[in-house]
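K.L.:
As numbered in numbering that gives the first Met the number 0, residues 0 to 212 make up the sequence shown, in order.
Glycine included, each C-beta is placed from N, C-alpha and C at the ideal position.
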Amino acid sequence: MQKPLLYTYRRCPYAMRARMALLVAGIEFDAHEVSLRGKPSEMLTLSPKGSVPVMLLPDGTVLEQSWDIMCWALSQDATRSWWEPAQSTENLDWLARNDGGFKHHLDRYKYSERYNETDRTGHRENALATFLRPLSSRLEQRSFLGGSEPCATDLALFPFVRQFAAVEPDWFELLQLPALQAWLANWLSSPLFLHCMYKLPGQTTVPFPSSGY
Ligand SMILES: N[C@@H](CCC(=O)N[C@@H](CS)C(=O)NCC(=O)O)C(=O)O
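(1) Consider the C-beta atom of V166 and the heavy atoms of ligand 1; say whether any pair is separated by less than 7 Å.
(2) Give a single yes or no on whether C11 has its beta carbon closer than 7 Å to a heavy atom of ligand 1.
(3) Across which residues does DSSP place Y110 in a beta bridge pair?
(4) If you follow the alpha helix (DSSP H) that M19 is in, where does it begin and where does it stop?
(5) Return helix, strand or coil for G100, following the three-state DSSP convention.
(6) Just the Cα atoms here: how many angstroms apart are K38 and L144?
(7) Which two residues bound the contiguous beta strand (DSSP E) that contains A30?
(8) Going along the chain, which unbroken runs of the beta strand (DSSP E) with 3 or more residues stay wholly within the region 46 to 90?
(9) Opposite L4 in the DSSP bridges: which residues?
(10) For F101, tell me which candidate among A20, R161, S147 has the shortest Cα-Cα distance.
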């Protein structure tokens with residue numbers, strides 16, 4: 000096997016952050032669009048936990064967490080400017096808050112029926128108060144979590160903020176969070192994001208179209 004192989008799912012925010020990191024690093028990779036209802040047995044053999052993304056490296060190493068894939072892609076000399084700012088205590092804390100409390104509230108807001116959730120609005124408001132408002136305040140001081148340039152933390156958080164905003168777009172637009180809204184709009188229209196959303200054929204392995212950012 001020559002190229003790394005990514006098991007991915009187009010709409011999964013964890014897989015999006017992994018694909019964006021691979022594209023930023025200019026890494027050529029093969030990709031397999033997984034059906035979450037019928038995960039390929041080859042993937043489950045490599046990673047029995049059954050979540051995407053999963054990456055198989057040419058030396059046989061298996062990366063089972065999106066952040067590990069981002070680390071592998073971005074912690075090289077050429078992409079140091081994306082990786083190093085993400086290692087600050089503050090940015091590691093943003094990542095933990097995103098993948099922890101914010102994701103918890105986001106799921107119960109977005110998928111309230113699946114979670115049998117009666118207080119959907121409570122989760123929306125909690126996500127806003129504990130994560131999105133503080134994030135917007137931070138982005139008033141700097142264009143990106145990386146500073147004047149984006150870093151891995153921006154890539155890691157953006158797909159989840161996108162999901163939140165897309166639940167009730169009209170409501171989200173009326174919020175007074177200009178810095179966060181501008182940051183989100185910037186990512187949504189970025190060539191990097193549009194490229195990462197390239198539509199792969201389902202359930203087969205193909206080269207992911209390459210580029211460098
Ligand atoms: N901690 C994992 C989480 C990945 C994850 O939860 N992915 C979801 C899709 S967004 C998944 O594959 N869930 C399993 C399923 O739905 O069957 C990571 O960072 O990669």
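P.N.:
According to the structure shown:
(1) The nearest non-hydrogen atom of ligand 1 is 7 Å or more from the C-beta of V166.
(2) The answer is yes for C11.
(3) According to DSSP, Y110 bridges with nothing at all.
(4) Here the alpha helix (DSSP H) through M19 covers 12 to 23.
(5) It is helical.
(6) Between K38 and L144, the C-alpha separation is close to 34 Å.
(7) According to the DSSP assignment, A30 belongs to the beta strand (DSSP E) that extends over 29 to 32.
(8) Unbroken beta strand (DSSP E) runs of no fewer than 3 residues, entirely contained in the region 46 to 90, are found at 53 to 55, following chain order.
(9) According to DSSP, which records beta bridges pairwise, L4 is partnered with D29, L55.
(10) The option with the nearest alpha carbon to F101 is R161.
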